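**Q** Counting in UniProt numbering, the sequence shown runs from 1 upward without gaps. Using N, Cα and C, we set each Cβ at its ideal position, and we do this for glycine too. Computed from a predicted structure; not experimentally measured.
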Amino acid sequence: MSTLEQAPDRYTMRIRTSLPYDDAVARVRNALAEQGFGVLTEVDVRATMKAKLDVDVPAQVILGACRPELAHRALTAAPSIAALLPCNVVVRDAGDGTTVVEAIDPDAMARLESGPVVASVAAEARTRLRDALDSLDVPDVPDVREA
Numbered sequence: 001m002s003t004l005e006q007a008p009d010r011y012t013m014r015i016r017t018s019l020p021y022d023d024a025v026a027r028v029r030n031a032l033a034e035q036g037f038g039v040l041t042e043v044d045v046r047a048t049m050k051a052k053l054d055v056d057v058p059a060q061v062i063l064g065a066c067r068p069e070l071a072h073r074a075l076t077a078a079p080s081i082a083a084l085l086p087c088n089v090v091v092r093d094a095g096d097g098t099t100v101v102e103a104i105d106p107d108a109m110a111r112l113e114s115g116p117v118v119a120s121v122a123a124e125a126r127t128r129l130r131d132a133l134d135s136l137d138v139p140d141v142p143d144v145r146e147a
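#1: Can you give me the start and stop residues for the beta strand (DSSP E) that E102 sits inside?
#2: Determine the burial state of T17: buried for a count of at least 16 other Cβ atoms within 10 Å of its Cβ, exposed for fewer.
#3: Measure the alpha-carbon distance for L133 versus K52 and round it to whole angstroms.
#4: Within 10 angstroms of its Cβ, does P142 collect 16 or more other Cβ (buried), or is it exposed?
#5: Are the CB atoms of A103 and S14 within a distance shorter than 9 Å?
#6: In the structure shown, what three-state DSSP assignment does E42 receive?
#7: According to DSSP, what are the bridge partners of residue 148?
#8: Beta-carbon within less than 8 Å of E69's beta-carbon, same chain only, minus the 5 sequence neighbours each way: which residues are those?
#9: Identify every residue that forms a DSSP beta bridge with Q35.
#10: What residue from V43, G97, A65 has the CA that sits closest to D105's CA?
#11: Using only the alpha-carbon positions, how far apart do L84 and T99 sit?
#12: Verify whether the separation of the beta carbon atoms of L136 and A59 is less than 9 Å.
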């Protein structure tokens, strides 16, 4: 069973799944939508690296996810938090038959911009992003937690 964890870097949440990359991207989009997030931006890292540097890298996409109600509350309380939005969710082919899905931990944003409203928004966003990642669990898959 895949397991969500706090990544060692302390600013992301990460899950590793046996889902093939393309399936994982589709599942992440659906999981985000189920939690009320829209995808505002999409960066195809592999295509960008090939076009700009002529280098080949594993498949990876950065999805900029936003839940408008939460963004509005945060921006009203702390306009400069806009520099930290949207919440990036990365899907990447790990190259070993697994796919890594990693999302910014909104608690990291709250550590940069204090205040009760931002803390409340971060807590709700974190719960929703965590639930989205948790929904990617694939039954009967060995736990491949990241160290």
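**A** Considering the structure as presented:
#1: The sequence position of residue 102 within the sequence shown is 102, counting from 1. 99-104 is the extent of the beta strand (DSSP E) around E102.
#2: Counted from its first residue, the sequence shown places residue 17 at position 17. Per the 10 Å Cβ criterion, buried.
#3: Within the sequence shown, the letter at position 133 stands for residue 133. Within the sequence shown, the letter at position 52 stands for residue 52. The straight-line gap separating the alpha-carbon atoms of L133 and K52 is approximately 31 Å.
#4: Taking the sequence shown and counting its residues from 1, one reaches residue 142 at position 142. Confidence at P142 is low in this model, with a pLDDT of 45, below 50, so the placement of that residue is unreliable and no value is reported for it.
#5: Looking up residue 14 in the sequence shown gives position 14. Looking up residue 103 in the sequence shown gives position 103. At residue 14 the sequence reads Arg, which differs from the Ser that was named. One thing to note: R14 has its Cβ within 9 Å of the Cβ of A103.
#6: Taking the sequence shown and counting its residues from 1, the one referred to as residue 42 is at position 42. For E42, the three-state secondary structure derived from DSSP is strand.
#7: Because the chain spans 1 through 147 in this model, residue 148 falls outside it and cannot be assessed.
#8: Taking the sequence shown and counting its residues from 1, the one referred to as residue 69 is at position 69. Excluding sequence neighbours, E69 sits near G36.
#9: Taking the first residue of the sequence shown as position 1, residue 35 is located at position 35. Answer is none; Q35 lacks a bridge partner.
#10: The count along the sequence shown starts at 1 and reaches residue 105 at position 105. Nearest of V43, G97, A65 to D105, Cα basis: A65.
#11: Along the sequence shown, read from residue 1 onward, the residue named residue 84 stands at position 84. Along the sequence shown, read from residue 1 onward, the residue named residue 99 stands at position 99. Their Cα atoms are separated by approximately 25 Å.
#12: As a first step, residue 136 is located in the sequence shown; it is residue number 136 there, counting from the start. As a first step, residue 59 is located in the sequence shown; it is residue number 59 there, counting from the start. The answer is no: Cβ separation not under 9 Å.
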